[in-house]
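Colleague: Can you read through this structure? Questions will come right after.
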Amino acid sequence: MSNVFENDSPSNLTEYSVSELSGSIKRTVETAFDQVRVRGEISGYRGPHSSGHAYFSLKDDRARIDAVVWKGNFSRLKFRPEEGMEVIATGKITTFPGSSKYQIVIETLEPAGAGALMALIEERKRRFGAEGLFDPSRKRRLPFMPKVIGVVTSPTGAVIRDILHRISDRFPVHVIVWPVKVQGEGSGEEVANAIRGFNSFETRGDMPRPDVLIVARGGGSLEDLWSFNDEIVVRATAESQIPLISAVGHETDWTLIDYAADVRAPTPTGAAEMAVPVKAELEAQTAALGARLQGCMSRRMDHHRQSVRALVRALPSLDQLLALPRRRFDEAAAGLGRGLELNTINKRRSFERTAAHLRPDVLSNRITERRQYLNERITRAERTIERFIERSRAPVSRADAIFATLPARLKTQTSRLRDRLANLSRHADTAVAHQLTRARGEVAAQYRVLQSLSYENVLKRGFAVIRDDENRPVSQAAMLSAGSGISIQFADGRVGAVTTEGLPSSSTLKKRAQKPQDEQAPPKQGSLF
Numbered sequence: 023m024s025n026v027f028e029n030d031s032p033s034n035l036t037e038y039s040v041s042e043l044s045g046s047i048k049r050t051v052e053t054a055f056d057q058v059r060v061r062g063e064i065s066g067y068r069g070p071h072s073s074g075h076a077y078f079s080l081k082d083d084r085a086r087i088d089a090v091v092w093k094g095n096f097s098r099l100k101f102r103p104e105e106g107m108e109v110i111a112t113g114k115i116t117t118f119p120g121s122s123k124y125q126i127v128i129e130t131l132e133p134a135g136a137g138a139l140m141a142l143i144e145e146r147k148r149r150f151g152a153e154g155l156f157d158p159s160r161k162r163r164l165p166f167m168p169k170v171i172g173v174v175t176s177p178t179g180a181v182i183r184d185i186l187h188r189i190s191d192r193f194p195v196h197v198i199v200w201p202v203k204v205q206g207e208g209s210g211e212e213v214a215n216a217i218r219g220f221n222s223f224e225t226r227g228d229m230p231r232p233d234v235l236i237v238a239r240g241g242g243s244l245e246d247l248w249s250f251n252d253e254i255v256v257r258a259t260a261e262s263q264i265p266l267i268s269a270v271g272h273e274t275d276w277t278l279i280d281y282a283a284d285v286r287a288p289t290p291t292g293a294a295e296m297a298v299p300v301k302a303e304l305e306a307q308t309a310a311l312g313a314r315l316q317g318c319m320s321r322r323m324d325h326h327r328q329s330v331r332a333l334v335r336a337l338p339s340l341d342q343l344l345a346l347p348r349r350r351f352d353e354a355a356a357g358l359g360r361g362l363e364l365n366t367i368n369k370r371r372s373f374e375r376t377a378a379h380l381r382p383d384v385l386s387n388r389i390t391e392r393r394q395y396l397n398e399r400i401t402r403a404e405r406t407i408e409r410f411i412e413r414s415r416a417p418v419s420r421a422d423a424i425f426a427t428l429p430a431r432l433k434t435q436t437s438r439l440r441d442r443l444a445n446l447s448r449h450a451d452t453a454v455a456h457q458l459t460r461a462r463g464e465v466a467a468q469y470r471v472l473q474s475l476s477y478e479n480v481l482k483r484g485f486a487v488i489r490d491d492e493n494r495p496v497s498q499a500a501m502l503s504a505g506s507g508i509s510i511q512f513a514d515g516r517v518g519a520v521t522t523e524g525l526p527s528s529s530t531l532k533k534r535a536q537k538p539q540d541e542q543a544p545p546k547q548g549s550l551f
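In terms of our numbering, the numbers along the sequence shown are unbroken and rise by one, the last being 551.
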């Protein structure tokens, strides 16, 4: 075989490089199999790669072929690949020269027949049920009388017209329609986004939040209703905080959204009937309850009226009720005069008994006793004071002895304080000297800054400051008029001056130059000094 590729080979076979041969094989395979349909079971699927492409294999009982779905086609697939799923893939066969392998580039993917679809539905139903998405305890009751109803359906089909017509007949309420595709590519994402969109409405926002949702679609085949079996739709339905009615297909059609919804309606019209009551029936029921209430109140009032009348008959008359109080009043009135006379006699006797004890000799004895008691108290107080003075003399003597030695102590203490004061005075002088030196340095620095910013330094360079008669600086010629008194400050002093007419501007001079020579007036030149 090595002689075939030698330059001096007698064979007339064409010589290829590895790249040329691989490219030729690639073109041949892609030309011969540019559009094929392959049926097989998905194997080795691990989801899309970080790049967005999906790599797996298709196999049957005797062979295996690698498959790839590019990122652009993967987002448009009607079904998401799943491990072990039997599918029919449409695409083209190509080769990968880097490893001498061939593969199918899938453009579309669909389950292999209704049996595969039902198996996929059953597998998803089992998985979602294990997660608790179909748990009856999660389902909410529908509101009895909703104010706003949200409908997720196609805006062009007969379903929305049936729902609106049925709601308007039974109980007209505010209906918000979220238009979506109910079949085909991307329809599942649109339905899930609509359900989540309604749930994102604020309770008091500009758009009213629905009290109940209806997800509706007309009848069709299993493939037509497949969008409502998508995982994204089922999870959005289970996560909905608004009670949701599923009305997909006819009564015999079942999809996974029916298990996740709070209520399943056999038809879209049945969903509208479940969402709102019949207004006429409510009015009739309210009228019947009102009539029953009125009759009940009338009968109750009659019963109470009869009870009151029976109680009135059992009560005694007014004269019977007042007879005993009147008798007690008369007896009390009759004994009032006699009682006052007896009370006056008793008070007089008590007064006489008290007055018998108030004789002059008794009062004199009481005064004498009180005077003696007071004298005894004064005598005791004098003796107490004398004893206190005697006890206080000893501390006073000790204090006199201490005061006798006080001048010597004070002299010693004064000497110590004088020395300490001298030391503090020396320290204070040193601190004041340092403080003055530091303050002089700061003042000198500030003075240098002031001199650098002072306008007087500018005057030394040949400039001048013009002030009006009120000593205010003049910055513009328009602030002065002819005949105004001004002062001009130079670096070495001030001089006074009187203004005359101002010089014309450059534009005025140009205009004057353009006039004829005989029309130009001679310029007026004044002096500032």
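Note that CB positions come from ideal geometry on N, CA and C, so glycine has one too.
Bear in mind that the values here come from a model prediction, so they are computed numbers and not experimental data.
Which residue wins for smallest C-alpha separation from Val170, given the options Leu278, Asp490 and Asp233?
Modeller: By 1-based counting over the sequence shown, the position of residue 170 is 148. Of Leu278, Asp490 and Asp233, the residue nearest in Cα terms is Asp233.
Colleague: Is the beta carbon of Val202 less than 9 Å from the beta carbon of Ala180?
Modeller: Along the sequence shown, one-based indexing puts residue 202 at 180. Along the sequence shown, one-based indexing puts residue 180 at 158. Not closer than 9 Å, so no.
Colleague: Taking the C-alpha atoms as reference points, what is the distance between Arg483 and Ala513?
Modeller: Numbered from 1 along the sequence shown, position 461 holds the residue referred to as residue 483. Numbered from 1 along the sequence shown, position 491 holds the residue referred to as residue 513. About 8 Å.
Colleague: In or out: Arg183 buried (at least 16 other Cβ within 10 Å) or exposed?
Modeller: Against the sequence shown, residue 183 aligns to sequence position 161. The residue is exposed, with fewer than 16 neighbouring Cβ atoms inside 10 Å.
Colleague: For a test of the three-state rule: what should DSSP assign to Ala134, helix, strand or coil?
Modeller: Looking up residue 134 in the sequence shown gives position 112. If DSSP states are grouped into helix, strand and coil, Ala134 belongs with coil.
Colleague: Under 9 Å between the Cβ atoms of Pro290 and Ala269?
Modeller: Numbered from 1 along the sequence shown, position 268 holds the residue referred to as residue 290. Numbered from 1 along the sequence shown, position 247 holds the residue referred to as residue 269. A contact, by the Cβ cut-off of 9 Å.
Colleague: Taking 8 Å as the threshold, find out whether the stretch 74-82 comes into contact with the stretch 145-165 through three or more Cβ pairs.
Modeller: No, the stretch 74-82 does not touch the stretch 145-165.
Colleague: Can you tell me whether DSSP reads Gln511 as helix, strand or coil?
Modeller: Within the sequence shown, residue 511 is the residue found at index 489, counting from 1. Three-state DSSP puts Gln511 in a strand.
Colleague: Could you name the residues of the same chain whose beta carbon sits closer than 8 Å to that of Ala146, not counting the 5 residues immediately before and after it, in chain order?
Modeller: As a first step, residue 146 must be located in the sequence shown, where it is residue number 124. A small correction: the amino acid at residue 146 is Arg; Ala does not occupy that position in the sequence shown. Excluding residues within five positions, the ones whose Cβ falls inside 8 Å are Asn251, Glu253, Val256 and Leu278.
Colleague: Val300 by DSSP, collapsed to three states: which one?
Modeller: Position 278 of the sequence shown, counting from 1, holds the residue named residue 300. In this structure, Val300 counts as coil in the three-state DSSP scheme.
Colleague: With DSSP as the reference, label Arg489 as helix, strand or coil.
Modeller: For this step, residue 489 is matched to residue 467 along the sequence shown. Strand.
Colleague: Take Arg231 and list the residues in its own chain whose beta-carbon comes closer than 6 Å to its own, dropping the five residues that flank it on each side.
Modeller: Here residue 231 is taken as the residue at index 209 of the sequence shown, counted from 1. Counting only Cβ-Cβ distances below 6 Å, and skipping sequence neighbours, we find Phe223 and Thr225.
Colleague: Could you give the uninterrupted runs of the alpha helix (DSSP H) lying entirely in the stretch 84-137, keeping only those of 4 residues or more?
Modeller: Those alpha helix (DSSP H) runs which fall completely within the stretch 84-137 and span 4+ residues are 93-96.
Colleague: Could you check whether Ala89 and Thr175 sit closer than 9 Å to each other, using their CB atoms as the reference points?
Modeller: The residue you call residue 175 lines up with position 153 of the sequence shown. The residue you call residue 89 lines up with position 67 of the sequence shown. Result no, Cβ atoms of Thr175 and Ala89 do not sit closer than 9 Å.
Colleague: Helix, strand or coil for His379, going by three-state DSSP, please let me know.
Modeller: As a first step, residue 379 is located in the sequence shown; it is residue number 357 there, counting from the start. Of the three classes helix, strand and coil, the one that applies to His379 here is coil, per DSSP.
Colleague: CB-CB under 8 Å to Phe166, same chain, minus the five flanking residues each way: which ones, in chain order?
Modeller: Here residue 166 refers to the residue found at position 144 of the sequence shown. Cβ neighbours of Phe166 beyond the five flanking positions: Pro299.
Colleague: Could you tell me which residues DSSP pairs with Thr175 in its beta bridges?
Modeller: As a working mapping, residue 175 is identified with position 153 in the sequence shown. Bridge partners of Thr175: Pro201.
Colleague: Going by DSSP, name the residue or residues bridged to Lys147.
Modeller: Here residue 147 refers to the residue found at position 125 of the sequence shown. Beta-bridge pairing links Lys147 to no other residue.
Colleague: Helix, strand or coil: how does DSSP classify Tyr77 here?
Modeller: The residue given as residue 77 occupies position 55 in the sequence shown. Reduced to three states, the DSSP call for Tyr77 is strand.
Colleague: Within 10 angstroms of its Cβ, does Arg321 collect 16 or more other Cβ (buried), or is it exposed?
Modeller: Mapped onto the sequence shown, residue 321 falls at position 299. Under this definition Arg321 is an exposed residue.
Colleague: Residues bridged to Ala453 by DSSP?
Modeller: Sequence index remark: in the sequence shown, residue 453 carries index 431 (1-based). For Ala453, which the question treats as bridged, DSSP gives no partner whatsoever.
Colleague: At 4 residues or longer, and completely inside the stretch 314-402: list those alpha helix (DSSP H) runs for me, N to C.
Modeller: Those alpha helix (DSSP H) runs which fall completely within the stretch 314-402 and span 4+ residues are 340-378.
Colleague: For Arg44 and Tyr77, what's the separation of their Cα atoms in angstroms?
Modeller: For this step, residue 44 is matched to residue 22 along the sequence shown. For this step, residue 77 is matched to residue 55 along the sequence shown. Correcting the residue type first, residue 44 is Ser in the shown sequence and not Arg. If you take the alpha carbons of Ser44 and Tyr77, they lie about 22 Å apart.
Colleague: In terms of residues, what are the limits of the beta strand (DSSP E) holding Leu266?
Modeller: By 1-based counting over the sequence shown, the position of residue 266 is 244. Leu266 to Val270 is the extent of the beta strand (DSSP E) around Leu266.
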